[in-house]
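In full-length UniProt numbering, the protein residues as written are 1 to 258.
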């Protein structure tokens with residue numbers, strides 16, 4: 001039975017799923033499992049026998065533990081459950097926005113963005129998301145920002161110091177060089193380090209919050225933004241920024257090439 005089939009086998013039974021989950025912290029005696037899993041004794045014994053038969057759990061000295069295969073299956077199920085929890089907060093958002101713009105390793109880590117809020121513009125308050133970003137950026141001494149489009153309010157709010165970093169999309173710089181419709185003032189940032197790279201999403205991360213903006217599936221640039229203040233979300237955002245930052249070109253080098 002393949003790994004996917006094993007995962008499906010476990011998840012099609014709440015008893016099997018609960019047993020696998022109960023054994024994640026470590027081995028348990030049979031009586032401990034009977035207390036930890038909400039099911040009849042016969043159902044638990046039957047599930048244990050079947051899980052053992054498929055190489056997911058093993059019994060030693062009347063203590064049940066996960067096998068190596070069982071541990072990998074348990075980890076996968078845990079990630080699936082966290083992803084389901086992510087969707088449950090605001091399923092409409094995930095259905096209408098393009099997550100493919102994120103690097104694959106960071107899509108896999110999206111469940112780390114837990115306990116988040118989606119800030120949307122409304123007919124009566126279309127600028128609410130912009131105000132939320134500006135308010136948060138202005139309130140912190142430093143932050144890291146990824147800007148795929150030019151927005152004068154964001155530029156004005158961005159702190160200028162040696163602890164802040166800014167990644168600007170190539171498209172913004174190119175338009176600035178080709179036309180007068182964009183007036184991004186790179187010289188405004190005397191201390192903030194600025195780099196340039198192609199980027200299809202917006203990101204801002206500070207010590208106590210993160211904000212990400214993904215494009216809509218129809219290609220439109222959205223106003224809806226995900227905001228989270230959890231440690232997991234902030235760590236995810238910092239790693240994503242670092243991933244982008246390391247491959248970006250210093251703005252001075254980019255301008256020299258043009």
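Cβ atoms here follow ideal geometry from the backbone N, Cα and C, with glycine treated the same way.
Can you tell me which of the options puts its alpha carbon nearest to the alpha carbon of residue i?
i           : options            : result
residue 60  : 115, 200, 30, 222  : 30
residue 14  : 212, 174, 25, 40   : 40
residue 7   : 79, 124, 177       : 79
residue 90  : 111, 149, 17       : 111
residue 119 : 132, 194, 87       : 132
residue 150 : 238, 54, 221, 128  : 221
residue 16  : 45, 25, 128, 156   : 45
residue 224 : 122, 100, 105, 38  : 122
residue 248 : 176, 227, 161, 148 : 148
residue 96  : 105, 196, 219, 71  : 219
residue 161 : 139, 152, 190      : 190
residue 143 : 49, 158, 152, 82   : 158
residue 259 : 238, 174, 246      : Because residue 259 is not part of the residues shown, which for the chain are 1 to 258, the question remains open.
residue 244 : 134, 138, 77, 105  : 105
residue 32  : 94, 10, 53, 62     : 62
residue 50  : 10, 84, 85         : 10
residue 67  : 81, 24, 84, 92     : 24
residue 213 : 94, 84, 152        : 94
residue 83  : 140, 238, 246, 107 : 107
residue 92  : 242, 226, 238      : 226
residue 272 : 211, 81, 34, 176   : The requested residue 272 does not occur in the structure, where the chain is confined to residues 1 to 258.
I'd like to check one pair, residue j with residue i: are the Cβ atoms closer than 7 Å?
i           : j           : result
residue 170 : residue 215 : no
residue 146 : residue 172 : no
residue 109 : residue 209 : no
residue 114 : residue 230 : yes
residue 64  : residue 73  : no
residue 192 : residue 164 : yes
residue 98  : residue 240 : no
residue 201 : residue 101 : yes
residue 69  : residue 55  : yes
residue 19  : residue 47  : yes
residue 154 : residue 228 : no
residue 195 : residue 250 : yes
residue 36  : residue 27  : no
In the DSSP assignment, what residue or residues form a beta bridge with residue i?
i           : result
residue 210 : 205, 228
residue 101 : According to DSSP, residue 101 bridges with nothing at all.
residue 216 : 97
residue 194 : 166
residue 250 : 195
Task: Unbroken stretches of the beta strand (DSSP E), 3 residues or longer, contained in the stretch 105-182 - done: 116-119, 144-147, 165-169
Open item on the list: Give the list of continuous alpha helix (DSSP H) stretches no shorter than 4 residues that lie fully inside the UniProt domain "HVO-A0261-like N-terminal" (7-80).
Closed with: 14-23, 30-36, 41-53
Task: At least three beta-carbon pairs within less than 8 Å, the stretch 227-245 to the stretch 190-206 - done: yes
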